[in-house]
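Beneath this line is the structure, given in structure tokens, with notes to follow.
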Amino acid sequence: KKASIVTFDNGDVLVNASGPIIHDNKVFVVGKRQGSELATESESLYVINASGKLELAPGIDTSIKLSNDVYGGGINTTGAGIIPVGGLIILNNNDTGELFTYKQGTFTKMTYNGSSIEWLASVAAKGNKMVFGASLSDAPSGTNEQRPVFMMDLTTGAITAVNMPTDVQTVFFALGGFFLGAQESRASGTLNTLW
């Protein structure tokens with residue numbers, strides 16, 4: 064069968080595309096619209112509709128430039144891109160590093176105690192729990208509080224921080240629990256340990 068480019072109704076195409084991923088029984092991609100006066104200057108989240116055409120994902124803030132980098136499961140200082148996990152999508156603001164969740168048309172900035180959560184390191188989900196490593200925007204540089212382990216309740220959206228370890232490089236679910244490759248302390252310069 065012949066491949067064909069996915070387009071908008073007016074024939075515009077999506078460039079700098081990343082994805083596609085399946086979420087909520089739909090196909091989503093991140094990219095930049097190009098081809099007409101409706102072209103966009105920055106990458107956003109789009110969905111392929113039932114007739115095979117692209118449309119802007121409902122609820123998305125188009126003023127935020129989303130990262131289209133491919134998420135590889137580890138530290139990515141340029142910002143991880145579109146990531147399906149635990150019944151939601153995690154998206155990264157390519158300019159600021161801020162993380163957002165997208166679930167059933169709702170686009171929400173990820174925060175903890177009033178601070179922006181930024182620069183996703185690694186993530187895994189099981190049941191209604193998601194564990195991930197990231198940075199806190201307002202935490203002092205070089206402290207354990209700057210790069211904690213977070214847990215998110217996928218039902219309520221509540222985010223908590225785990226006191227230890229810190230600076231997560233890898234997180235995965237196996238043998239009935241979450242495993243972390245992380246440090247005990249950022250200040251000590253210790254090597255990553257399996258937790």
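Under my numbering, the first residue of the sequence shown carries the number 64, and numbering increases by one thereafter.
A virtual CB, placed ideally from N, CA and C, is assigned to each residue, including glycine.
Item, Value
"If you count every other CB in all the chains shown that lies within 10 Å of the CB of residue 140, and 16 or more means buried, which is it?", "Only weak support exists for where residue 140 lies, its pLDDT of 45 falling under 50; the coordinates are left without a value."
"Is the stretch 236-246 in contact with the stretch 170-190, if contact means three or more CB pairs nearer than 8 Å?", "yes"
"Looking at the secondary structure, which residues open and close the beta strand (DSSP E) in which residue 182 lies?", "178-189"
"Taking buried to mean at least 16 other C-beta atoms within 10 Å of its own C-beta, is residue 124 buried or exposed?", "exposed"
"Starting from the Cα of residue 181, find the closest Cα among 233, 169, 199 and 168 and give me that residue.", "199"
"Quick one, which of 87, 107 and 114 has its alpha-carbon nearest residue 70's?", "114"
"Please classify residue 257 as buried or exposed, where buried requires at least 16 other C-beta atoms within 10 Å of its C-beta.", "exposed"
"I need the boundaries of the beta strand (DSSP E) containing residue 210, first residue and last residue.", "Premise fails: residue 210 is in no beta strand (DSSP E) and is neither H nor E."
"From the DSSP output, in three-state form, read off residue 221 for me.", "coil"
"According to DSSP, is residue 141 part of a helix, a strand, or is it coil?", "Only weak support exists for where residue 141 lies, its pLDDT of 46 falling under 50; the coordinates are left without a value."
"Alpha carbon to alpha carbon, how far is residue 68 from residue 76?", "8 Å"
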